[in-house]
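When the letters of the sequence shown are read in order and numbered with the working numbering, they come out as residues 205 to 321.
Cβ atoms here follow ideal geometry from the backbone N, Cα and C, with glycine treated the same way.
Working notes, beginning with the structure itself.
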Amino acid sequence: MIIGMRELTAICKSGEHKTVALQLEAPVESEGAWRCWYEIRWPEDEWPAQLTRSFAYGVDSLSAIQMGLMKLGAELHFSSYHKEGKLYWTAGQIGYGVIVPRDARDLLRGEDARYLG
Numbered sequence: 205m206i207i208g209m210r211e212l213t214a215i216c217k218s219g220e221h222k223t224v225a226l227q228l229e230a231p232v233e234s235e236g237a238w239r240c241w242y243e244i245r246w247p248e249d250e251w252p253a254q255l256t257r258s259f260a261y262g263v264d265s266l267s268a269i270q271m272g273l274m275k276l277g278a279e280l281h282f283s284s285y286h287k288e289g290k291l292y293w294t295a296g297q298i299g300y301g302v303i304v305p306r307d308a309r310d311l312l313r314g315e316d317a318r319y320l321g
């Protein structure tokens, strides 16, 4: 079951603005821990569109959600779109509103650095 979705926009090499779809699924119990799946659907941009699908574990459902969001946030912030300043959530604002692990907080920009750093 999907519990959260967000659409970001990537500025592609062609100059087109294309959707980057984020999705977080409800955590499920697995072997005494909780697992939370997430997806990032990257657009076609001089290479085929790509799907990043992964998961994070937590000791309970809430920590699995937190860890899933942090992994998702880290993948966004380590992407070439972020490094090149070609990814945004809302026009005119900087940041994606997604938490990252402590070691990646130096990558936060704009409102994310202010509120999540």
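| Query | Result |
| --- | --- |
| Can you list the alpha helix (DSSP H) stretches of 4 or more residues lying completely in the stretch 266-295, in chain order? | 284-287 |
| Determine the contact status of Pro-247 and Val-224, defining contact as a CB-CB distance below 8 Å. | yes |
| Measuring alpha carbon to alpha carbon, tell me which residue in Glu-220, Ser-284, Tyr-292, Ala-230 is nearest Ala-260. | Ala-230 |
| How many whole angstroms separate the CB atoms of Gln-270 and Gly-262, which I take to be in contact at a CB cut-off of 8 Å? | 7 Å |
| Can you list, in chain order, the residues of its chain with a C-beta nearer than 7 Å to that of Asp-264? Leave out the 5 residues immediately preceding and following it. | Trp-238 |
| Roughly how many whole angstroms lie between the Cα atoms of Gly-208 and Gln-227? | 6 Å |
| By the 10 Å Cβ neighbour count, where 16 or more other Cβ atoms means buried, how is Gly-236 classified, buried or exposed? | exposed |
| Is the Cβ-Cβ distance between Leu-291 and Leu-280 less than 8 Å? | yes |
| If you draw a straight line from the alpha carbon of Val-304 to that of Ser-218, how long is it in whole angstroms? | 29 Å |
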